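K.L.:
Here the numbering used here is used: position 454 in the first sequence is 580, and no number is missing along the way. Ideal placement from N, C-alpha and C gives every residue a C-beta, glycine not left out. Only a predicted model underlies this, so the values are computations on that prediction, with no experimental measurement involved.
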Amino acid sequence: MSLQIYNSLTRQKEEFIPLQPGRVHIYVCGPTVYSHAHIGHAKSYISFDVVVRYFRYLGYRVKYVQNITDVGHLLGDADEGEDRILKKAREEQLDPMEVAQMYTWSYFDDMAALGVLRPDISPHASGHIIEQIELVKILLEKGYAYESNGSVYFDVHKFPEYGQLSGRKVEELEAGSRVEVNPEKRHPADFALWKKAEPNHLMKWPGPWSVGYPGWHIECSAMSMKYLGETFDIHGGGLDNIFPHHECEIAQSVAATGKPFARYWMHNNMISLSGEKMSKSLGNVWNIKDVVKNYSSLAIRHFILSSHYRSRLEYSEEALKAAEQGSHRLLNAVEKLQEALRAAAEGEIFSAPFSPEDYRRRFEEAMNDDFNTARAMAALFDLAKASNQYLAETPAPHKPFLVEIEQLFKTLGHEVLGILPAEIGAGAGAVSGELVEKLMILNLDVRNQLRKQKNWALADQIRNELQKAGVILEDRPDGTTGWSREK
RNA sequence: GGCGCCGUACCCAAGUGGCUAAGGGAAAGGUCUGCAAAACCUUCAUUCGGCGGUUCGAAUCCGCCCGGCGCCUCCA
Numbered sequence: 127m128s129l130q131i132y133n134s135l136t137r138q139k140e141e142f143i144p145l146q147p148g149r150v151h152i153y154v155c156g157p158t159v160y161s162h163a164h165i166g167h168a169k170s171y172i173s174f175d176v177v178v179r180y181f182r183y184l185g186y187r188v189k190y191v192q193n194i195t196d197v198g199h200l201l202g203d204a205d206e207g208e209d210r211i212l213k214k215a216r217e218e219q220l221d222p223m224e225v226a227q228m229y230t231w232s233y234f235d236d237m238a239a240l241g242v243l244r245p246d247i248s249p250h251a252s253g254h255i256i257e258q259i260e261l262v263k264i265l266l267e268k269g270y271a272y273e274s275n276g277s278v279y280f281d282v283h284k285f286p287e288y289g290q291l292s293g294r295k296v297e298e299l300e301a302g303s304r305v306e307v308n309p310e311k312r313h314p315a316d317f318a319l320w321k322k323a324e325p326n327h328l329m330k331w332p333g334p335w336s337v338g339y340p341g342w343h344i345e346c347s348a349m350s351m352k353y354l355g356e357t358f359d360i361h362g363g364g365l366d367n368i369f370p371h372h373e374c375e376i377a378q379s380v381a382a383t384g385k386p387f388a389r390y391w392m393h394n395n396m397i398s399l400s401g402e403k404m405s406k407s408l409g410n411v412w413n414i415k416d417v418v419k420n421y422s423s424l425a426i427r428h429f430i431l432s433s434h435y436r437s438r439l440e441y442s443e444e445a446l447k448a449a450e451q452g453s454h455r456l457l458n459a460v461e462k463l464q465e466a467l468r469a470a471a472e473g474e475i476f477s478a479p480f481s482p483e484d485y486r487r488r489f490e491e492a493m494n495d496d497f498n499t500a501r502a503m504a505a506l507f508d509l510a511k512a513s514n515q516y517l518a519e520t521p522a523p524h525k526p527f528l529v530e531i532e533q534l535f536k537t538l539g540h541e542v543l544g545i546l547p548a549e550i551g552a553g554a555g556a557v558s559g560e561l562v563e564k565l566m567i568l569n570l571d572v573r574n575q576l577r578k579q580k581n582w583a584l585a586d587q588i589r590n591e592l593q594k595a596g597v598i599l600e601d602r603p604d605g606t607t608g609w610s611r612e613k
């Protein structure tokens, strides 16, 4: 089956056909850098991280752009001219750019800690003021926008398709009581492309209409088209950005170029806490920096990928713990595999008890179905079980067979999902160092002599002390002892 | 008020017309074992919020009801 993607624009799954054969151009809305990223951001960016990884696995050459919003969004269309970064700057007595920069680094750190691969381009809104102004100029020239008292607004009535993505009608929006009346606008649903700065506004740039700053939506149009072309393959982001952000992006971009904008729109669902959306305004937020203190990055990815990206995911300590345990199960399976591999022989006569390729097929089928990572992971767990079973009942396992399985874990588990580390098997010399390896052999040798003398007290003391140092011992039925580092 | 989503075992979570309702965690019993850990085996939803309907057949489609949530303002 070919890759199917649920397109928010058409509200159905569609076969993915790239604009240019073999290439994928993808843009994902990045964070507004005014505070630390939370676990909800992790869901979004890990989801798209896996989307990009899977495209690469399929052999596509991917160009992945994710913006950094460091200009700040308006608090409201008819607000006092204070954006969220500026607000934070006031609160923390910092230059607005210091705030943005500080949280940009923080965001990059958090993503690295979660094993999220870097986008190919991370453009800053503040570094693309010129491009944004140029885009506004075009919209004015084409008659889609109008200037009013130094600000520029997009006229939604000039763009009949407005509302297509979010399923909204302009009349309904205008009838809605939540749209504040702004005397500068012709219609309540019009949105700002350029805002004239109030005297107390610190983040501002000289523009053709006033000293001001760009509207919220224009940056994504300007930067995505600059780096990916006027029409590109995929635009992603959180469900909560469909309206107004993505709706406005489409309007601006299509109006300016006369061409289709993004061809597939992908939206990830939210993380909830006690049934409610996790968001800063509700104050029910778990920062990534705090979650990482208690759970491994593999477990966090495991937790997030165990549900579909378009499903809402309920955050709880219990769920994170379950993910941590599940993560250990996979790691243990691969460790056992690698240990067996070191002792395995090539062998000549061999009939495979199962076909590893079957599991790859299942994995791909799941991923091809709109990136169903939950089902893909089930295939990996089943592979782990099959592998464990084989090793448990086979005294002299067949080396090429084990290599094949190991390769599968590495490709699917590590490279695509990122739920297994690059180097598995902490007990292996590669990770621990030659000296440690030798000391452990000595240690276990002494302990096994104690065990033969039935000196359980001393043998257990060694095991306990090693555990305190983060080394787990495992006495096998055959009398040998294995060891690994605590996960 | 408008648009939309969800309700699957003790917990998390796949599945959206038809073989035995994935997978993980927890729990119970067993094998192994000096003990521990890991692994393996077994058990764990005749049932998918409720009630009707369509169909040879529905967790999956339709209707109503109950419960929860998202967007409509910044939000991943």
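1. Please state whether DSSP places D508 in a helix, a strand or coil.
2. Relative to the C-alpha of T158, which candidate in S336, H343, D281, L528 has its C-alpha closest?
3. Which residue's Cα is closest to the Cα of S481: L565, E141, A315, Y516?
4. For L200, which residues of its own chain have a beta-carbon under 8 Å away from its beta-carbon, when the five flanking residues on both sides are left out?
5. Any idea what DSSP makes of Y190, helix, strand or coil?
6. What residue range is occupied by the uninterrupted beta strand (DSSP E) comprising Y153?
7. May I ask which residues mark the beginning and end of the beta strand (DSSP E) holding Y279?
8. Pick out whichever of I426, E541, K213 has its Cα sitting closest to the Cα of K447.
9. Which residue wins for smallest C-alpha separation from M396, given the options Y441, L538, I588, G596?
10. Name the two residues that bound the continuous alpha helix (DSSP H) containing Y183.
11. Below 6 Å CB to CB, which residues in the same chain sit around D196 once its five sequence neighbours on both sides are set aside?
12. Would you grab the beta carbon distance between H428 and A449 for me? Rounded to a whole angstrom, and I think it's under 8 Å.
13. Pick helix, strand or coil for M237, following the three-state DSSP scheme.
14. Could you tell me the distance, in whole angstroms, from the CA atom of A505 to the CA atom of Y171?
15. Where does F285 land, buried or exposed, given buried means 16+ other C-beta within 10 angstroms?
16. Check whether the Cβ atoms of M151 and G355 sit closer than 9 Å, and answer yes or no.
17. Indicate whether the contact test is met: 3 or more Cβ pairs, each with one atom in the segment 363-375 and one in the segment 407-419, closer than 8 Å.
18. Please classify Y521: does DSSP put it in a helix, a strand, or coil?
19. Helix, strand or coil for M351, going by three-state DSSP, please let me know.
20. With the cut-off set at 9 Å, would you say V460 and L546 are in Cβ contact?
21. So is P603 buried or exposed if we call it buried at 16+ other beta carbons inside 10 Å?
22. Which residue from F358, M392, R486 puts its Cα closest to that of R149?
23. At 4 residues or longer, what runs of the alpha helix (DSSP H) sit wholly inside the segment 449-506?
24. Can the beta-carbon of A522 be found closer than 9 Å to that of A478?
25. Beta carbon of V191, beta carbon of S134: below 9 Å?
26. In angstroms with no decimal places, state the Cα-to-Cα distance between Y186 and V529.
27. State the beta-bridge partners of P245 as determined by DSSP.
28. Considering only DSSP beta bridges, list what S274 is partnered with.
29. Buried or exposed for W391, going by 16 or more other Cβ atoms inside 10 Å?
30. Spatial neighbours of R589 within its chain, please: C-beta separation below 8 Å, excluding the five flanking residues on both sides.
31. Going by the DSSP bridge assignment, what does L408 pair with across the sheet?
32. Within 10 angstroms of the Cβ of G289, are there 16 or more other Cβ atoms? Answer buried if so, exposed if not.
33. Check the C-beta distance from A502 over to L561 and give it rounded, since I have them as a contact under 8 Å.
34. Going by DSSP, which residues form a beta bridge with W609?
35. Quick one: what does DSSP say V380 is sitting in, helix, strand or coil?
36. Starting from Q130 and walking both ways along the alpha helix (DSSP H), at which residues does that stretch end?
P.N.:
Looking at the atomic coordinates:
1. Stepping through the first sequence from its first residue, residue 508 is reached at position 382. Helix at D508.
2. The residue you call residue 158 lines up with position 32 of the first sequence. When only C-alpha atoms are compared, the closest one is H343.
3. Here residue 481 refers to the residue found at position 355 of the first sequence. The residue with the shortest Cα to Cα distance from S481 is Y516.
4. On the first sequence, residue 200 is found 74 positions in, with the first residue counted as 1. For L200, the predicted structure reports a pLDDT of 43, less than 50, and the residue's modelled location is therefore unreliable. The matter cannot be settled from this model.
5. The sequence position of residue 190 within the first sequence is 64, counting from 1. Three-state result, Y190: strand.
6. Here residue 153 refers to the residue found at position 27 when the first sequence is read from its first residue. Its beta strand (DSSP E) spans residues 149-154.
7. Taking the first sequence and counting its residues from 1, the one referred to as residue 279 is at position 153. Note, Y279: beta strand (DSSP E), 277-280.
8. Translated into the one-based positions of the first sequence, residue 447 becomes position 321. Checking every option, the nearest Cα to that of K447 belongs to I426.
9. Within the first sequence, residue 396 is the residue found at index 270, counting from 1. The option with the nearest alpha carbon to M396 is Y441.
10. To locate residue 183, count along the first sequence from 1; it is residue 57. Looking at the DSSP string, the run of the alpha helix (DSSP H) that includes Y183 is 165-183.
11. For the purposes of this step, residue 196 is taken as the residue at position 70 of the first sequence. V159, A226, H250, A251, S252, listed in sequence order.
12. In the first sequence, counting from the first residue as 1, residue 428 sits at position 302. In the first sequence, counting from the first residue as 1, residue 449 sits at position 323. Yes, H428 and A449 are in contact; Cβ-Cβ is about 4 Å, under 8 Å.
13. Looking up residue 237 in the first sequence gives position 111. Three-state result, M237: helix.
14. For the purposes of this step, residue 505 is taken as the residue at position 379 of the first sequence. For the purposes of this step, residue 171 is taken as the residue at position 45 of the first sequence. Cα to Cα, A505 sits roughly 23 Å from Y171.
15. Sequence index remark: in the first sequence, residue 285 carries index 159 (1-based). F285 comes out buried.
16. By 1-based counting over the first sequence, the position of residue 151 is 25. By 1-based counting over the first sequence, the position of residue 355 is 229. Inspection of the sequence shows that residue 151 is occupied by His rather than by Met. Yes, these two residues count as a Cβ contact at 9 Å.
17. no
18. Residue numbering aside, residue 521 sits at position 395 when the first sequence is read from its first letter. Contrary to the premise, residue 521 reads as Pro rather than Tyr in this sequence. Reduced to three states, the DSSP call for P521 is coil.
19. By 1-based counting over the first sequence, the position of residue 351 is 225. If DSSP states are grouped into helix, strand and coil, M351 belongs with the helices.
20. Locating residue 460 in the first sequence gives position 334, where the first residue counts as 1. Locating residue 546 in the first sequence gives position 420, where the first residue counts as 1. Going by C-beta atoms, V460 is nearer than 9 Å to L546.
21. Along the first sequence, read from residue 1 onward, the residue named residue 603 stands at position 477. By the 10 Å Cβ count, P603 comes out exposed.
22. Here residue 149 refers to the residue found at position 23 when the first sequence is read from its first residue. Considering only alpha carbons, the answer is F358.
23. 482-494
24. Counting from 1 along the first sequence, the entry for residue 522 is found at position 396. Counting from 1 along the first sequence, the entry for residue 478 is found at position 352. Contact: no.
25. Along the first sequence, one-based indexing puts residue 191 at 65. Along the first sequence, one-based indexing puts residue 134 at 8. The answer is no: Cβ separation not under 9 Å.
26. As a first step, residue 186 is located in the first sequence; it is residue number 60 there, counting from the start. As a first step, residue 529 is located in the first sequence; it is residue number 403 there, counting from the start. Each residue's Cα considered, the two are about 26 Å apart.
27. Start at 1 with the first residue of the first sequence, and residue 245 comes out as number 119. DSSP output for P245 lists no bridge partner at all.
28. For the purposes of this step, residue 274 is taken as residue 148 along the first sequence, with counting starting at 1. The partner list for S274 (beta bridge, DSSP) reads S277.
29. Position 265 of the first sequence, counted from the first residue, corresponds to residue 391. By the neighbour-count rule (16 or more Cβ atoms within 10 Å), W391 is buried.
30. Here residue 589 refers to the residue found at position 463 of the first sequence. Within the same chain, R589 has close Cβ partners R573, L599.
31. Locating residue 408 in the first sequence gives position 282, where the first residue counts as 1. For L408, which the question treats as bridged, DSSP gives no partner whatsoever.
32. Translated into positions along the first sequence, residue 289 becomes position 163. Per the 10 Å Cβ criterion, buried.
33. What you label residue 502 is simply residue 376 of the first sequence in a count that begins at 1. What you label residue 561 is simply residue 435 of the first sequence in a count that begins at 1. With 8 Å as the limit, A502 and L561 do not qualify as a contact, their Cβ atoms being about 40 Å apart.
34. Translated into the one-based positions of the first sequence, residue 609 becomes position 483. Looking at the DSSP assignment, W609 forms a beta bridge with L599.
35. Translated into positions along the first sequence, residue 380 becomes position 254. It is helical.
36. On the first sequence, residue 130 is found 4 positions in, with the first residue counted as 1. Run containing Q130: none in the alpha helix (DSSP H); it sits in the beta strand (DSSP E), 130-133.
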